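Protein chains in written order, with our numbering: chain A, 79 to 194; chain B, -2 to 111. Below is one structure, written out as structure tokens; the observations come after it.
Right under this line is the structure:
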């Protein structure tokens, strides 16, 4: 079964600094990969997704992620963070080619705390 | 477009009771999925409804059941509540079953079991 590991439970960073949130998934078969953000007391919002094609995916709010098949990783990056980026970030995978359709399997989340 | 809406926002129940949570999908969406997010964890897939049928199910006991109505709205029912059922319950909707279609999440229902 698929699993997702987010390597850092918390990432503190200063405003305007770059940040990378790490994500590894368990299977080397073809999968779809996603990053979601969750602000306090809100649902999840899609930041970006990888379905196929270019391994560098650009999303909303200046975020991007790079798909690395050999390392089964999908790390999220932002070159300069803002206070408003403080939130919980979730990496997720779906395995549509094994009958999983659009069932999302999430990691445990990474809490990004941006300090002034 | 109101997006995905869920009701109620918060709910407090005692052990052994039953609860019903409701979800209205985003306009144009016909598929609804339910997720359970325990405190400090990522969401876990409960089940998914399409064309009023349960299409996929995660590793949850039969105490968790659901329904989808002809207008695509959905209910999640949990019987014989346990303390461990305390969580944020998220509903997500999308168009069809394709994995490449974006899923839109509602704000969730916070269930507390005492």
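In this text, a Cβ means the ideal position worked out from N, Cα and C, and glycines have one as well. Note that this is a predicted model, so its numbers are computed, not measured.
1) Taking residue 167 of chain A as the reference, give the member of A:85, A:149 and A:81 with the closest Cα.
2) Residue 89 of chain B: which of B:12, B:58, B:19 and B:36 sits nearest, CA to CA?
3) Going along the chain, which residues of its own chain have a beta-carbon closer than 8 Å to the beta-carbon of residue 12 of chain B, five neighbours each way excluded?
4) Going along chain B, which residues have a C-beta under 8 Å from residue 137 of chain A?
5) Are there 16 or more other CB atoms within 10 angstroms of the CB of residue 40 of chain B, so buried, or fewer, so exposed?
6) By Cβ distance below 7 Å, which residues in the same chain neighbour residue 192 of chain A in space, the five residues on each side in sequence not counted?
7) If we count Cβ pairs, one from each stretch, closer than 8 Å, do we get three or more for the region 115 to 128 of chain A versus the region 21 to 29 of chain B?
8) Can you name, in chain order, every residue of its own chain whose Cβ lies under 6 Å from the Cβ of residue 189 of chain A, other than the five neighbours on each side?
9) Cβ closer than 7 Å: which chain B residues qualify as neighbours of residue 202 of chain A?
10) Apart from the five residues on each side of it in sequence, which residues of its chain come closer than 6 Å, Cβ to Cβ, to residue 4 of chain B?
11) Among all the DSSP beta bridges, which residues are the ones paired with residue 70 of chain B?
12) Give the DSSP-derived three-state secondary structure of residue 157 of chain A in the structure shown.
13) Going by DSSP, which residues form a beta bridge with residue 196 of chain A?
14) Please decide whether residue 174 of chain A counts as near chain B, where near means a Cβ-Cβ distance under 8 Å.
15) Quick one: grab the DSSP three-state call for residue 81 of chain B.
16) Which residues bound the beta strand (DSSP E) around residue 10 of chain B?
17) Should residue 181 of chain A be labelled buried (16 or more other beta-carbon atoms within 10 Å of its own) or exposed?
18) Which whole-angstrom value describes the C-beta separation of residue 110 of chain A and residue 97 of chain B, a residue pair presumed to lie in contact below a C-beta threshold of 8 Å?
19) At a CB-CB cut-off below 8 Å, which residues of chain B make contact with residue 181 of chain A?
20) In terms of alpha-carbon separation, which member of A:133, A:139 and A:185 lies closest to residue 149 of chain A?
21) Alpha carbon to alpha carbon, how far is residue 92 of chain B from residue 14 of chain B?
Looking at the atomic coordinates:
1) Locating residue 167 of chain A in the first chain gives position 89, where the first residue counts as 1. The alpha carbon of residue 167 of chain A has as its nearest neighbour, out of A:85, A:149 and A:81, the alpha carbon of A:85.
2) The residue labelled residue 89 of chain B in the question sits at position 92 within the second chain. Closest in C-alpha terms to residue 89 of chain B, from the list B:12, B:58, B:19 and B:36, comes B:19.
3) Position 15 of the second chain, counted from the start, is the residue given in the question as residue 12 of chain B. The beta carbon of residue 12 of chain B is closer than 8 Å to those of 78, 79, 80, 110 and 111 in its chain, skipping five residues each way along the sequence.
4) Within the first chain, residue 137 of chain A is the residue found at index 59, counting from 1. Simply none; closest approach about 12 Å.
5) In the second chain, the residue the question calls residue 40 of chain B occupies position 43. By the neighbour-count rule (16 or more Cβ atoms within 10 Å), residue 40 of chain B is buried.
6) Along the first chain, read from residue 1 onward, the residue named residue 192 of chain A stands at position 114. Taking C-beta separations shorter than 7 Å and ignoring five residues to either side along the sequence, the partners of residue 192 of chain A in its chain run 91, 93, 159, 160, 161, 163 and 164, following chain order.
7) As far as the Cβ criterion goes, the region 115 to 128 of chain A does not touch the region 21 to 29 of chain B, which means the pair count is below three.
8) Stepping through the first chain from its first residue, residue 189 of chain A is reached at position 111. Within the same chain, residue 189 of chain A has close Cβ partners 88 and 166.
9) There is no way to answer for residue 202 of chain A, as the model of chain A reaches only from 79 to 194.
10) For the purposes of this step, residue 4 of chain B is identified with residue 7 of the second chain, where counting begins at 1. Correct list, in chain order: 19.
11) Along the second chain, read from residue 1 onward, the residue named residue 70 of chain B stands at position 73. Residue 70 of chain B pairs with nothing; no bridge assigned.
12) Reading the first chain from its first residue, position 79 is the one you call residue 157 of chain A. Here residue 157 of chain A carries a coil assignment [DSSP, helix/strand/coil].
13) Nothing can be reported for residue 196 of chain A: it is not among the residues displayed for chain A, which extend from 79 to 194.
14) Along the first chain, one-based indexing puts residue 174 of chain A at 96. For residue 174 of chain A, the answer is yes, since a Cβ of chain B falls inside 8 Å of its Cβ.
15) For this step, residue 81 of chain B is matched to residue 84 along the second chain. Helix.
16) For the purposes of this step, residue 10 of chain B is taken as residue 13 along the second chain, with counting starting at 1. First-last of the beta strand (DSSP E) with residue 10 of chain B: 7 to 10.
17) Position 103 of the first chain, counted from the first residue, corresponds to residue 181 of chain A. Residue 181 of chain A should be labelled buried.
18) Here residue 110 of chain A refers to the residue found at position 32 when the first chain is read from its first residue. Here residue 97 of chain B refers to the residue found at position 100 when the second chain is read from its first residue. Cβ-Cβ separation between residue 110 of chain A and residue 97 of chain B: approximately 6 Å, consistent with a contact (criterion under 8 Å).
19) Within the first chain, the letter at position 103 stands for residue 181 of chain A. Within 8 Å Cβ-Cβ: 30, 42, 45, 53 and 55.
20) Reading the first chain from its first residue, position 71 is the one you call residue 149 of chain A. Checked all of A:133, A:139 and A:185; the closest Cα to residue 149 of chain A is A:133.
21) The residue given as residue 92 of chain B occupies position 95 in the second chain. The residue given as residue 14 of chain B occupies position 17 in the second chain. Their backbone Cα atoms lie some 34 Å apart in a straight line.
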